[in-house]
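Let me begin by presenting the structure, written as structure tokens, before commenting on it.
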Amino acid sequence: QDLYEHPDFYEIDDLLTEEHKLIRTSVRQFVKKEISPYIEDWAQRAHFPYEIVKKFGDVGAFGPTLPVEYGCGGLDYISYGIIMQEIERGDSGMRSTASVQGSLVMYPIYKFGSEAQRKKYLPKLASGEWLGCFGLTEPDHGSNPSGMVTNFKDMGDHYLLNGAKMWISNSPRADVAVVWAKNEEGRIHGLIVERGMEGFSTPETHGKWSLRASATGELVFDNVKVPKENLLPGKSGLGAPMMCLDSARYGIAWGAIGAAMDCYESARRYAAERIQFGKPIASFQLIQKKLAEMLSEITKAQLLNWRLGVLMNEGKATTPQISLAKRNNVAVALEIAREARQIHGGMGITGEYSIMRHMMNLESVVTYEGTHDIHLLILGNKITGIPAFV
Ligand code: TGC
Ligand code: FAD
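Add 16 to a position in the sequence shown, counting from 1, and you land on the number used in UniProt numbering.
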């Protein structure tokens with residue numbers, strides 16, 4: 017049974033393979049069974065359902081594009097996008113858990129790690145036995161990660177790591193952290209830090225009004241002795257974490273549209289059922305305008321995602337192309353959530369509908385993985401050849 021819910025206004029399904037559709041059905045069934053019935057309660061209680069990690073592993077949500085020999089899916093990037101879309105249709109915080117693990121933890125270990133590191137970490141991360149996090153942002157360096165002050169010194173038989181990271185998804189429950197830090201020459205490297213290393217702590221960030229079912233926290237390094245074999249040897253410099261962000265931002269471009277589709281579907285159903293002035297509110301032109309604009313933006317974003325997925329599969333997608341999709345799709349998803357909230361009237365602010373949760377979640381999504389304005393500046397740099405960041 018294909019549980020895929022519309023909209024598919026431009027018959028984009030015709031561009032997908034049977035395998036893509038099968039993956040979509042299985043992840044959609046998973047979300048309906050394991051996430052949707054509980055997510056409102058988790059979000060209201062700011063509870064991260066740790067047991068979902070193993071379940072994500074079982075359904076193949078972690079690192080689906082990485083090779084089968086490491087316990088991963090060996091799938092293409094369209095499949096990855098579809099998985100993110102279907103998870104975020106349930107909740108952006110749940111998608112965060114999956115996209116951080118796949119794109120920001122497993123991807124750098126696969127891409128820049130030694131064979132021993134790949135064999136040690138990837139199968140356990142793919143199966144959900146271990147949870148990972150990615151530490152780039154610092155209290156004083158968010159949009160400008162190259163200014164980071166977290167650093168490590170070569171002590172002969174190990175490295176000594178000091179500093180702090182902030183706003184780190186999964187950190188409070190993570191078994192491993194991929195941490196970006198500068199060496200004595202100021203060059204950025206990736207280090208794998210494991211829970212239990214002395215001087216390493218992961219305090220949780222409380223009081224979020226957004227991504228409440230996702231655990232967010234700090235990473236604090238107080239003279240942490242990191243074994244030398246935990247340095248990622250394959251690439252150094254800011255380009256290494258930026259390559260990870262390319263992969264994660266691509267997944268977010270798909271994911272945000274999953275949230276938008278859920279808001280659109282809910283608004284369409286509500287408008288048909290809600291009677292005011294003796295008629296369904298769907299019969300009023302202003303409501304039809306909102307629904308028509310939602311469908312238009314979702315359809316454009318679906319086409320953008322599909323084409324970007326093809327470019328990703330061909331290894332041709334560029335950072336500015338990914339920025340355009342992440343920026344556009346999150347912004348339209350946020351606008352759709354706001355409009356859907358209006359269509360639901362007062363009911364839209366309650367937990368009976370998913371709208372307000374999506375809307376609050378998307379306020380984080382529009383900021384993390386590069387803010388809306390930073391992506392605009394990445395495009396501005398591409399167009400003019402002049403970086404406006406500094
Ligand atoms: P810039 O001078 O442009 O570049 C520095 C060096 O990096 C190289 N590079 C790349 N290499 C490969 N792929 C890419 N995409 C690359 N982007 C940059 C570049 O070639 C250069 O190399 P070299 O050898 O010449 O030195 O860097 P900049 O310091 O001016 O910064 C540019 C800027 C502002 C666009 C960038 O830093 C940026 O994107 N800032 C936003 C930060 C961000 O996105 N942080 C995300 C943190 S992780 C997160 O939010 C996870 S949320 C997860 C969830 O829960 O789902
Ligand atoms: P700032 O960089 O201080 O930006 C503040 C404002 O200034 C923004 O509007 C920004 O667009 C604007 N601004 C900054 N520079 C410029 C400029 N040059 N020109 C114009 N405007 C500018 N990070 C991780 O490393 N790992 C994670 O797992 C992770 N998870 C996150 C989860 C959540 C819930 C959140 C909220 C954030 C997460 N982040 C994570 C951090 C996220 O990537 C940063 O919040 C983001 O990059 C922005 O950094 P900042 O919050 O320090 O804002």
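Note that the Cβ used here is the ideal one computed from N, Cα and C, for glycine as well.
In this structure, Gly118 and Gly79 form a Cβ contact; the two beta carbons are roughly 4 Å apart against a cut-off of 8 Å. Closest option to Arg284, judged by alpha-carbon separation, among Leu254, Leu261 and Gln358: Gln358.
By the neighbour-count criterion, in which a residue is buried when 16 or more other Cβ atoms sit within 10 angstroms of its Cβ, His222 is exposed. Going by beta carbons, Leu395 and Pro336 fall inside the 8 Å limit.
Looking at the DSSP output, Thr232 sits in a beta bridge with Ser185. A distance below 6 Å between beta-carbons, with the five flanking residues on each side excluded, links Glu245 to no residue of its chain. Ile303 has its alpha-carbon roughly 35 Å from the corresponding atom of Thr113. In this structure, Ala229 lies near Trp58, with their beta-carbon atoms less than 8 Å apart. Closest in alpha carbon position to Lys70, among Met100, Arg134 and Glu50, is Glu50.
Our two residues, Ile268 and Gly73, have alpha carbons roughly 19 Å apart in a direct line. As computed with DSSP, Cys279 is found in no beta bridge at all. With contacts defined as CB atoms closer than 8 Å, Val75 and Ser108 fail to qualify as a contacting pair. Annotation for Ser185 indicates a beta carbon within 7 Å of some heavy atom of the ligand TGC. When the five nearest sequence neighbours on each side are left out, the beta carbons in the same chain lying within less than 7 Å of the beta carbon of His174 are those of Lys241, Val242, Pro243 and Lys244, in order along the chain. In this chain, Phe293 is not harboured by any beta strand (DSSP E), its DSSP state being neither H nor E. DSSP places Phe168 in no alpha helix (DSSP H) but in the uninterrupted beta strand (DSSP E) bounded by Asn167 to Asp170. Looking at the backbone, the Cα of Thr81 and that of Glu201 are separated by about 34 Å. The shortest CA-to-CA distance from Leu319 to any of Ile94, Glu351 and Pro155 is the one to Ile94.
Placement of the Cβ of Ser159 at a distance of less than 7 Å from at least one heavy atom of the ligand FAD is found.
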